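So the sequence shown is numbered by the working numbering: it starts at 3 and just counts up by one. C-beta: ideal position from N, C-alpha, C; glycine also. Keep in mind that this is a model prediction, so the values were computed, not measured.
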Amino acid sequence: MAEGRPLSRLLLEVAQKGIEEEKALVMRSLIGSRPPRCERRCSSCPHCEAIQVPVTIQSENRRTRQFSAAIFSIAYSRGDDISNYKPMSWKCKCGNMIFNP
Numbered sequence: 003m004a005e006g007r008p009l010s011r012l013l014l015e016v017a018q019k020g021i022e023e024e025k026a027l028v029m030r031s032l033i034g035s036r037p038p039r040c041e042r043r044c045s046s047c048p049h050c051e052a053i054q055v056p057v058t059i060q061s062e063n064r065r066t067r068q069f070s071a072a073i074f075s076i077a078y079s080r081g082d083d084i085s086n087y088k089p090m091s092w093k094c095k096c097g098n099m100i101f102n103p
């Protein structure tokens, strides 16, 4: 008499292990977690380098701009510099020009 349960349990374990490996792979490839490749980004020089620059707040319409300005002024009106948090992003620098990766 053949038993089907151990095989199906084994398949479930293999499937679960595959899902965990896939999650680990996704975590390794998160955007911004490592410098981008910037070779020949500007098409004119052979060596472009990855740099980190502060993130700037951008707004798209007037209402959002007013809201962003209010948040910005509240965040920086303390004057005591409690927070050292400065979000950074990766860019590619070629000579005097800076490009998005």
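Sheet register partners of residue i (DSSP bridge)
i: residue 55; result: 91
i: residue 40; result: Residue 40 pairs with nothing; no bridge assigned.
Residue i vs residue j beta-carbon contact at 8 Å
i: residue 96; j: residue 47; result: yes
Residue i versus residue j - alpha carbon distance
i: residue 55; j: residue 43; result: 17 Å
i: residue 51; j: residue 45; result: 13 Å
i: residue 49; j: residue 41; result: 6 Å
i: residue 21; j: residue 35; result: 22 Å
i: residue 57; j: residue 87; result: 11 Å
i: residue 38; j: residue 101; result: 11 Å
i: residue 98; j: residue 53; result: 12 Å
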